[in-house]
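**Student:**
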Amino acid sequence: MFLGTHTPRLDDKGRLILPAKFRDELAGGVVITKGQERCLYVFPTPEFQRIAEQLRAQPMTHKAARAYSRVFFASAHDEVPDKQGRVTIPAHLRSYAGLDRDLVVIGASTRVEVWDKVAWETYLAESEDDFADIEEGVLPGGL
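Using the working numbering, read the sequence shown as starting at 3 and increasing by one per residue.
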């Protein structure tokens, strides 16, 4: 399970050094793709394969599943981190997420999310008030 918030930087070659506590689980390979709210999702390869199976199980006639699958798979980039725990984020994904130098990398349970630092701070500021209000809808019965 991926947890926590980290603040690495992109190097001049568009590489991200994965947080040390995530490296073991990601060492076998990752898939980086577009996420919602203009962040990037980084999945361990087995988790990406699980999601791919779920999407493949949807009927071809399901318009929303087709649309989601197209973007999800067309933007995906697979890679094995190097010995320093670095992965290259392709230019099209850096552009999509507005990544420059300063990043925020968060653990989001079964995936890692990569955000531009300013975008993450804006998202948090806009979402903080909603956080308290949505718990019961997301977790029936509460904590």
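C-beta atoms are modelled at their ideal positions from N, C-alpha and C, and glycine is treated no differently.
Is the CB-CB distance between residue 114 and residue 24 below 8 Å?
**Tutor:** What you label residue 114 is simply residue 112 of the sequence shown in a count that begins at 1. What you label residue 24 is simply residue 22 of the sequence shown in a count that begins at 1. Yes; because the gap between Cβ atoms is below 8 Å, this pair is in contact.
**Student:** Decide yes or no for the touch test of the segment 107-126 against the segment 39-55: beta carbon pairs closer than 8 Å, at least 3 of them.
**Tutor:** yes
**Student:** Go ahead and pull the three-state DSSP assignment for residue 9.
**Tutor:** Stepping through the sequence shown from its first residue, residue 9 is reached at position 7. Three-state result, residue 9: coil.
**Student:** Taking 8 Å as the threshold (C-beta atoms), are residue 98 and residue 36 in contact?
**Tutor:** Stepping through the sequence shown from its first residue, residue 36 is reached at position 34. Stepping through the sequence shown from its first residue, residue 98 is reached at position 96. Result yes, Cβ atoms of residue 36 and residue 98 sit closer than 8 Å.
**Student:** Can you tell me where the alpha helix (DSSP H) holding residue 23 begins and where it ends?
**Tutor:** For the purposes of this step, residue 23 is taken as the residue at position 21 of the sequence shown. In the DSSP assignment, residue 23 falls within the unbroken alpha helix (DSSP H) covering 22-28.
**Student:** CA-CA distance, residue 56 and residue 38?
**Tutor:** Reading the sequence shown from its first residue, position 54 is the one you call residue 56. Reading the sequence shown from its first residue, position 36 is the one you call residue 38. So the alpha carbons of these two residues sit roughly 18 Å apart.
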